[in-house]
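Quick mapping for you: the protein sequence lines, in order, are chains Z and C.
Under my numbering, the residues of the first sequence are numbered 5 to 537, in order.
Under my numbering, the residues of the second sequence are numbered 25 to 201, in order.
By construction, the Cβ of each residue, glycine as well, lies at the ideal position given by its N, Cα and C atoms.
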Amino acid sequence: MNPQERNRLIDALIEGDISEADFLRLEAEFSVDPEARREYLERLTLSALLEEEGKAFAPARVEPIAFRKYWPVALTGLAAAVAVGFFGLRERSQRLVSPERTAAAATVVEQRESGFAVLAGQAGAVWQGAAQLADGALVPAGQLTLASGWAQIELFSGVTVVVEGDALFEIVSPMEMIVARGKVRIQVPEPARGFTILTPKGKVVDLGTEFALDLSSERPEVHVLQGDVEWHPHAAAMRHLEKGEALRLDDSPTSEKRIAQTSGFIGLEEMGEKLAAFRRERRASWARSIETLQRDPRLVAFFRMNASDPADRRVTNDAAAGKAVLSEGAVVAAARVSDRWGQAGGALDFSPAGSRVRVHVPGRYHALTFVTWVKINSLDRWYNSLFLTDGHDLHEPHWQIMNDGRLFFSVKKRDTWDAAKGEKDKHIYFSPPFWSSALSGRWLMIATVYDPDARHVTHYLNGQRLSREAVPAEYLVETVSIGAASIGNWDLPNRDEPRYAVRNLNGSMDEFALFGTALSPEEIAGLYAQGKP
Amino acid sequence: MTEIERESRIVALLTEIQIPLRLYVRSLLPGDPAAGDVAQQANATLWLKRGDFTLGTNFKAWAFSVARYEVLNYRKRQARDARLVFSERLEEVLAEDLAGQADDTERRHEALKRCLANLRGKDRALLLHRYAGAGTLAEYAAQTGQSAGGLKVTLHRLRNALLACIRGQLQHTEEMT
Numbered sequence: 005m006n007p008q009e010r011n012r013l014i015d016a017l018i019e020g021d022i023s024e025a026d027f028l029r030l031e032a033e034f035s036v037d038p039e040a041r042r043e044y045l046e047r048l049t050l051s052a053l054l055e056e057e058g059k060a061f062a063p064a065r066v067e068p069i070a071f072r073k074y075w076p077v078a079l080t081g082l083a084a085a086v087a088v089g090f091f092g093l094r095e096r097s098q099r100l101v102s103p104e105r106t107a108a109a110a111t112v113v114e115q116r117e118s119g120f121a122v123l124a125g126q127a128g129a130v131w132q133g134a135a136q137l138a139d140g141a142l143v144p145a146g147q148l149t150l151a152s153g154w155a156q157i158e159l160f161s162g163v164t165v166v167v168e169g170d171a172l173f174e175i176v177s178p179m180e181m182i183v184a185r186g187k188v189r190i191q192v193p194e195p196a197r198g199f200t201i202l203t204p205k206g207k208v209v210d211l212g213t214e215f216a217l218d219l220s221s222e223r224p225e226v227h228v229l230q231g232d233v234e235w236h237p238h239a240a241a242m243r244h245l246e247k248g249e250a251l252r253l254d255d256s257p258t259s260e261k262r263i264a265q266t267s268g269f270i271g272l273e274e275m276g277e278k279l280a281a282f283r284r285e286r287r288a289s290w291a292r293s294i295e296t297l298q299r300d301p302r303l304v305a306f307f308r309m310n311a312s313d314p315a316d317r318r319v320t321n322d323a324a325a326g327k328a329v330l331s332e333g334a335v336v337a338a339a340r341v342s343d344r345w346g347q348a349g350g351a352l353d354f355s356p357a358g359s360r361v362r363v364h365v366p367g368r369y370h371a372l373t374f375v376t377w378v379k380i381n382s383l384d385r386w387y388n389s390l391f392l393t394d395g396h397d398l399h400e401p402h403w404q405i406m407n408d409g410r411l412f413f414s415v416k417k418r419d420t421w422d423a424a425k426g427e428k429d430k431h432i433y434f435s436p437p438f439w440s441s442a443l444s445g446r447w448l449m450i451a452t453v454y455d456p457d458a459r460h461v462t463h464y465l466n467g468q469r470l471s472r473e474a475v476p477a478e479y480l481v482e483t484v485s486i487g488a489a490s491i492g493n494w495d496l497p498n499r500d501e502p503r504y505a506v507r508n509l510n511g512s513m514d515e516f517a518l519f520g521t522a523l524s525p526e527e528i529a530g531l532y533a534q535g536k537p
Numbered sequence: 025m026t027e028i029e030r031e032s033r034i035v036a037l038l039t040e041i042q043i044p045l046r047l048y049v050r051s052l053l054p055g056d057p058a059a060g061d062v063a064q065q066a067n068a069t070l071w072l073k074r075g076d077f078t079l080g081t082n083f084k085a086w087a088f089s090v091a092r093y094e095v096l097n098y099r100k101r102q103a104r105d106a107r108l109v110f111s112e113r114l115e116e117v118l119a120e121d122l123a124g125q126a127d128d129t130e131r132r133h134e135a136l137k138r139c140l141a142n143l144r145g146k147d148r149a150l151l152l153h154r155y156a157g158a159g160t161l162a163e164y165a166a167q168t169g170q171s172a173g174g175l176k177v178t179l180h181r182l183r184n185a186l187l188a189c190i191r192g193q194l195q196h197t198e199e200m201t
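Following this line, the structure appears as structure tokens:
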């Protein structure tokens, strides 16, 4: 069977339009020829993708039962924090697998996230039944238990809530919250008037104000600090409360109002102080940890993207061992912005066109570990650079993020290769997509370890392993070299070819570390624990 | 590990293998429009049986074996319809092939969009008709004054062209990196 005929039969098979005799011929071919099976799977993929494209134009259909019926179960069983990270992935995979699309969505699939609020800050917060929520994270739907500490939540309506644990609550919508237990202090700006809190005893409707609820004791109370609110008990008439007034929620409908107390509730200002103190403490502990890190003989480069003089367009290598051969990097175009501790000028924003930090890393390395702290605005380039050597010469590494959120790492193995034989110049180690727009604007620690001894490449996000892939024997590079390279961008255009690919990272970086060895998963987790703001 | 951590890992694994899983079911049921539903049934079964899975072992292999079982179930229900079925060994080999290859579907999808944009209007219209599924090929043939057989040949030629274009795009992007 020649390839043309084989491909014609494969298409007929996929179209459900094949005779039994041809089916048997094709089956025989598949059984002996991996190339024929590869062609089959490739054509199946094409058909599936074409159907996906077609659906964008077809009228909306009702989604078949199973997916809809079982995914929500999968989701409700999830830890809250995981759910946030997961939505992005789920959205992405549904783009390919879910038939639920309308004609309006024909050309662009709008990104979606889920939630009504973000966690603006937390001090000593311990979340129960869920992994810890990170600052800046979307607050997941459903019940949340803050076992102790304080959390400041900003609802999309503009309402700010400070919750003090032990508290059990749920953000139901941008204008509605349930509080079953704990203390909350709520600031409602004018545009969010009518914000409602539901409690076991009744509901509080805000009329433009600042008020507090104490549901931490046997005798729940509401206190009005500014403006006025309406108290709607379950089984009695509504009562109007003004500034300075308070009420026990189980008092009789005719009882005297009390005097509001502010002291029992943490306000925004105090919360701000608590957050600042917490951050100072974290930063101090991090500063102690990097003193040790800098002396690590395995550390080749350690750039903190700060400068004592803002006009200085250099960053210094703080790695004691690597300093002798690589003393500094040159900052191009990138603007100085706040670092992950909120210190002004401590990070570089690579989003201005042409931004990069130029470095020259001499020497040869066997294994490598890259670690960086970045705050990504969006992955809007096809390739979003972290660290790329100029061009892509033999034995050089490239480290970047694909527009679909996969981490990309490669070391070039060959200068010439025969594509017809299935050869490539290198093997690319991709992580699964880790990105969702809920991560936008948050500081993340990204790390990749190239370990030719153990023969694998491991990608990490925030100290957690994303993926590990074996190094195929034919693409193993024992000695890696770097030379001229850019942090946050790729390549320099040359005299004959001034056009260049736009790959600068749309985001900021405040720390970049390169080790000439493979760090263990425990060490990566340790770097995250010490470095997280 | 808590139950919640375990479940979240399984959801992540399940998400990761959606595309290969669907492809595998399709490869066992070529030309059968019910393949999508069978794949979804496999998802449901995987979730119900998640307790049977040992974390750290090969999730894809486990998922494929469950999916294959769903395919067998489906065929049983379709008993009246003597569909063409691959040998058991070939079905296993296809699972091995798919488990061993990297999932580059998203890159292919991006490439396909670019390739579709380069097609002539009437070719795009034919593909759209075939894959948006508004009517039969015979109706479309009547509307456009062509023969259904001729359209089938054109569709095959278009798929060949798209495949060549996608391969070119993927090759190109690899070279760029």
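What does a CB cutoff of less than 6 Å around Ile28 (chain C) pick up in its chain, not counting 5 residues either side in sequence? Your numbering for residue 28 (chain C) matches position 4 in the second sequence. So the list is empty, once near-sequence residues are dropped.
Give me the residue from Z:Ser35, Z:Glu39, Z:Ala25 and Z:Glu24 with the minimum Cα distance to Asn11 (chain Z). To locate residue 11 (chain Z), count along the first sequence from 1; it is residue 7. Nearest C-alpha to Asn11 (chain Z): Z:Glu39.
Taking the alpha carbon of Pro314 (chain Z) as the point to measure from, which residue in Z:Glu285, Z:Arg287, Z:Arg41 and Z:Gly349 has its own alpha carbon closest? In the first sequence, counting from the first residue as 1, residue 314 (chain Z) sits at position 310. Each of Z:Glu285, Z:Arg287, Z:Arg41 and Z:Gly349 was checked against the Cα of Pro314 (chain Z), and the nearest Cα belongs to Z:Gly349.
Rounded straight-line distance, which links the Cα of Thr164 (chain Z) to that of Phe269 (chain Z): Numbered from 1 along the first sequence, position 265 holds the residue referred to as residue 269 (chain Z). Numbered from 1 along the first sequence, position 160 holds the residue referred to as residue 164 (chain Z). Per the coordinates, the alpha-carbon of Phe269 (chain Z) lies some 14 Å from the alpha-carbon of Thr164 (chain Z).
Ile270 (chain Z) (DSSP reduced to helix, strand or coil): As a first step, residue 270 (chain Z) is located in the first sequence; it is residue number 266 there, counting from the start. Coil, per DSSP.
Which residues mark the beginning and the end of the alpha helix (DSSP H) in which Phe374 (chain Z) is found? Translated into the one-based positions of the first sequence, residue 374 (chain Z) becomes position 370. Per DSSP, Phe374 (chain Z) lies in no alpha helix (DSSP H); the unbroken beta strand (DSSP E) holding it starts and ends at Leu372 to Ile380.
CB contact check: Gly55 (chain C) to chain Z, cutoff 8 Å: Within the second sequence, numbered from 1, the residue matching residue 55 (chain C) stands at position 31. Chain Z contact via Cβ: present.
6 Å CB neighbourhood of Asp210 (chain Z) in its chain, flanking five on each side removed: Within the first sequence, numbered from 1, the residue matching residue 210 (chain Z) stands at position 206. In chain order, Val192, Phe199 and Val233 place their CB closer than 6 Å to the CB of Asp210 (chain Z), counting only its own chain and leaving out the 5 sequence neighbours on each side.
Find the residues of chain Z that neighbour Tyr164 (chain C), judging by a C-beta separation of less than 7 Å, and give them in chain order. Position 140 of the second sequence holds residue 164 (chain C). Neighbours of Tyr164 (chain C) on chain Z: none; closest Cβ ~13 Å, over 7 Å.
Cβ shell of Asp322 (chain Z) (< 6 Å), same chain only, five flanking positions each side left out: Counting from one through the first sequence, the residue named residue 322 (chain Z) turns up at place 318. Cβ neighbours of Asp322 (chain Z) beyond the five flanking positions: Gln298 and Phe306.
Give the DSSP-derived three-state secondary structure of Gln298 (chain Z) in the structure shown. By 1-based counting over the first sequence, the position of residue 298 (chain Z) is 294. Three-state DSSP puts Gln298 (chain Z) in a helix.
Who are the near neighbours of Ala85 (chain C) in its chain, counting only those whose CB is closer than 8 Å to its CB and skipping five residues on each side? Against the second sequence, residue 85 (chain C) aligns to sequence position 61. The answer, listed in chain order, is Ala119 and Ala123.
Just the C-alpha distance for Trp154 (chain Z) and Gly128 (chain Z), rounded to the nearest angstrom, thanks. In the first sequence, counting from the first residue as 1, residue 154 (chain Z) sits at position 150. In the first sequence, counting from the first residue as 1, residue 128 (chain Z) sits at position 124. Here the alpha carbons of Gly128 (chain Z) and Trp154 (chain Z) stand approximately 6 Å from one another.
Kindly indicate which residue of Z:Glu400, Z:Thr393 and Z:Leu48 has the alpha-carbon position closest to the one of Arg507 (chain Z). As a position in the first sequence, residue 507 (chain Z) is number 503, starting the count at 1. Nearest neighbour of Arg507 (chain Z) by Cα position, chosen from Z:Glu400, Z:Thr393 and Z:Leu48, turns out to be Z:Thr393.
For Val335 (chain Z), which of Z:Asp514, Z:Glu260 and Z:Ala264 has the nearest alpha-carbon? Indexing the first sequence from 1 puts residue 335 (chain Z) at position 331. Of Z:Asp514, Z:Glu260 and Z:Ala264, the residue nearest in Cα terms is Z:Asp514.
Could you list which residues in chain C have their beta carbon closer than 8 Å to that of Arg47 (chain Z), in chain order? Locating residue 47 (chain Z) in the first sequence gives position 43, where the first residue counts as 1. Annotation: Cβ neighbours of Arg47 (chain Z) in chain C (cutoff 8 Å, chain order): Arg183 and Leu187.
Who are the Cβ neighbours of Ala264 (chain Z) in its own chain at under 7 Å, not counting the five residues just before and after it? Here residue 264 (chain Z) refers to the residue found at position 260 when the first sequence is read from its first residue. Hits under 7 Å: His227, Val228, Leu229, Gly248, Glu249 and Ala250.
Does the beta carbon of Phe110 (chain C) come closer than 8 Å to any beta carbon on chain Z? For this step, residue 110 (chain C) is matched to residue 86 along the second sequence. Closer than 8 Å: yes.
Based on the DSSP secondary-structure assignment, which residues constitute the bridge partners of Tyr93 (chain C)? Counted from its first residue, the second sequence places residue 93 (chain C) at position 69. Looking at the DSSP output, Tyr93 (chain C) sits in no beta bridge, so it has no partner there.
Relative to the C-alpha of Val143 (chain Z), which candidate in Z:Leu13, Z:Gln132 and Z:Glu158 has its C-alpha closest? As a position in the first sequence, residue 143 (chain Z) is number 139, starting the count at 1. Of Z:Leu13, Z:Gln132 and Z:Glu158, the residue nearest in Cα terms is Z:Glu158.
is_contact[Arg189 (chain Z), chain C] using C-beta, thresh 8 Å: Along the first sequence, read from residue 1 onward, the residue named residue 189 (chain Z) stands at position 185. No - not a single Cβ of chain C is within 8 Å of the one on Arg189 (chain Z).
Looking only at its chain, what residues have a beta carbon closer than 7 Å to the beta carbon of Val112 (chain Z), apart from the 5 residues adjacent to it on each side? Position 108 of the first sequence, counted from the start, is the residue given in the question as residue 112 (chain Z). Low confidence applies to Val112 (chain Z): its pLDDT is 39, below 50, so where it sits in the model is not reliable, and the reading given next is rough at best. Counting only Cβ-Cβ distances below 7 Å, and skipping sequence neighbours, we find nothing.
Measure the alpha-carbon distance for Ser471 (chain Z) versus Val363 (chain Z) and round it to whole angstroms. Here residue 471 (chain Z) refers to the residue found at position 467 when the first sequence is read from its first residue. Here residue 363 (chain Z) refers to the residue found at position 359 when the first sequence is read from its first residue. So the alpha carbons of these two residues sit roughly 28 Å apart.
Less than 8 Å separating the beta-carbons of Phe215 (chain Z) and Pro178 (chain Z)? Counting from one through the first sequence, the residue named residue 215 (chain Z) turns up at place 211. Counting from one through the first sequence, the residue named residue 178 (chain Z) turns up at place 174. Taking a C-beta distance under 8 Å as the contact criterion, Phe215 (chain Z) and Pro178 (chain Z) do not qualify as a contact pair.
Identified DSSP bridge partners for Gly124 (chain C): The residue given as residue 124 (chain C) occupies position 100 in the second sequence. None; Gly124 (chain C) has no bridge partner.
Taking only three categories from DSSP, how would you classify Ile528 (chain Z)? Taking the first residue of the first sequence as 1, we reach residue 528 (chain Z) at position 524. If DSSP states are grouped into helix, strand and coil, Ile528 (chain Z) belongs with the helices.
Counting along the chain, where does the alpha helix (DSSP H) carrying Pro59 (chain Z) start and finish? Translated into the one-based positions of the first sequence, residue 59 (chain Z) becomes position 55. The amino acid occupying residue 59 (chain Z) in the given sequence is Lys; Pro does not appear at that position. According to the DSSP assignment, Lys59 (chain Z) belongs to the alpha helix (DSSP H) that extends over Pro38 to Lys59.
What residues from chain Z crowd round Thr129 (chain C), counting only those whose CB sits closer than 9 Å? The sequence position of residue 129 (chain C) within the second sequence is 105, counting from 1. Going along chain Z in sequence order, the residues near Thr129 (chain C) (Cβ under 9 Å) are Thr49, Ala52, Leu53 and Leu100.
Mapping DSSP to helix, strand and coil, what is Met1 (chain Z)? It is not possible to answer for residue 1 (chain Z), since the shown part of chain Z is limited to 5 through 537.
Give a yes or no on whether the minimum CB-CB distance between Ser51 (chain C) and chain Z is below 8 Å. Locating residue 51 (chain C) in the second sequence gives position 27, where the first residue counts as 1. By this cut-off, Ser51 (chain C) is an interface position.
Do three or more CB pairs link the stretch 395-406 of chain Z to the stretch 35-48 of chain C at distances below 8 Å? With a cut-off of 8 Å, the stretch 35-48 of chain C and the stretch 395-406 of chain Z do not count as touching, because too few Cβ pairs lie within range.
For Arg132 (chain C) and chain Z, any beta-carbon pair shorter than 8 Å? Along the second sequence, read from residue 1 onward, the residue named residue 132 (chain C) stands at position 108. With 8 Å as the cut-off, Arg132 (chain C) counts as an interface residue toward chain Z.
If we call anything under 8 Å between Cβ atoms a contact, is Leu108 (chain C) one with Phe27 (chain Z)? Residue 108 (chain C) sits at position 84 when you count from the first residue of the second sequence. Residue 27 (chain Z) sits at position 23 when you count from the first residue of the first sequence. At a Cβ-Cβ threshold of 8 Å, Leu108 (chain C) and Phe27 (chain Z) count as neighbours.
Taking Glu115 (chain C) as the reference, which of C:Arg92, C:Arg99 and C:Glu130 has the closest Cα? As a first step, residue 115 (chain C) must be located in the second sequence, where it is residue number 91. Nearest in C-alpha terms to Glu115 (chain C), of all of C:Arg92, C:Arg99 and C:Glu130, is C:Arg92.
Quick one: Cα of Thr149 (chain Z) to Cα of Glu260 (chain Z), how far? Taking the first residue of the first sequence as 1, we reach residue 149 (chain Z) at position 145. Taking the first residue of the first sequence as 1, we reach residue 260 (chain Z) at position 256. Straight through space, the alpha carbons of Glu260 (chain Z) and Thr149 (chain Z) are spaced by roughly 33 Å.
I'd like the list of long-range same chain contacts for Val117 (chain C), defined as Cβ closer than 7 Å, with 5 residues on each side in sequence excluded. If you number the second sequence from 1, residue 117 (chain C) lands on position 93. The answer is none, since no qualifying residue turns up.
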